[in-house]
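Remarks on the structure that follows.
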Amino acid sequence: MSDKARSVALIVFCQVSAMTLWFSASSASASLLEAGEITGQQAGLLTGAVQLGFVAGTLVSAWFGLPDRLDPRRLFAACALVGAAANLSLLATGFDTALTIALRFLTGVALAGVYP
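Each residue of the sequence shown is one higher than the one before, counting from 824 in my numbering.
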């Protein structure tokens with residue numbers, strides 16, 4: 824495999840891995856609903872918070888021109904790590920609604936830095 828092909832494969836792997844943050848808690852919502860851990864409204868908030876966070880993050884990123892001012896590789900890596908940390912923190916919250924929604928919002932903000 825050539826260096827270019829390896830680089831493209833790495834980029835694709837990193838992008839797909841980072842984008843799984845978008846769906847992780849949303850995909851768990853069905854199981855949580857079934858188990859009675861969350862209500863239908865809370866499941867909707869889990870999904871909606873990511874989308875609202877993404878819009879907020881995109882607006883902030885565009886307003887400050889972050890992709891033009893910062894090294895895109897570092898921006899991508901930092902945002903992917905912040906999103907992963909926010910997602911991992913969901914395990915510690917026990918799905919306390921307010922904190923869980925805030926963490927999903929933060930995940931959405933971080934996704935603004937990894938979405939192409």
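Here a beta-carbon is modelled for each residue, glycine too, at the ideal position from N, C-alpha and C. As the structure is a prediction and not an experimental result, all values here were calculated from the model.
Is it buried or exposed for residue i, if we count other Cβ within 10 angstroms and need 16 for buried?
| i | result |
| --- | --- |
| Ile861 | buried |
| Arg897 | exposed |
| Ser840 | exposed |
| Ala935 | buried |
| Phe899 | buried |
| Ala848 | buried |
| Trp845 | buried |
| Val835 | exposed |
| Ser850 | exposed |
| Leu869 | buried |
| Gly867 | exposed |
May I have the straight-line CA-CA distance separating residue i from residue j, to the nearest angstrom?
| i | j | result |
| --- | --- | --- |
| Arg829 | Gln838 | 14 Å |
| Leu855 | Phe928 | 19 Å |
| Ala853 | Ser825 | 43 Å |
| Gly880 | Gly888 | 12 Å |
| Thr923 | Phe877 | 16 Å |
| Phe918 | Val883 | 27 Å |
| Leu875 | Gly931 | 7 Å |
Under a three-way DSSP split, which group does residue i fall into?
| i | result |
| --- | --- |
| Thr862 | coil |
| Leu929 | helix |
| Met842 | helix |
| Gly880 | helix |
| Ser825 | coil |
| Gln937 | Sequence check: residue 937 is Val here, not Gln. Residue state, collapsed to three classes: coil. |
Starting from residue i, follow the alpha helix (DSSP H) in both directions and report where the run begins and ends.
| i | result |
| --- | --- |
| Ser912 | 895 to 916 |
| Asp891 | 889 to 892 |
Can you tell which of the options has its C-alpha closest to the C-alpha of residue i?
| i | options | result |
| --- | --- | --- |
| Val873 | Ala832, Phe887, Ala858, Ala909 | Ala909 |
| Leu926 | Val937, Leu911, Gln864 | Leu911 |
| Tyr938 | Gly871, Cys902, Leu913, Gly859 | Cys902 |
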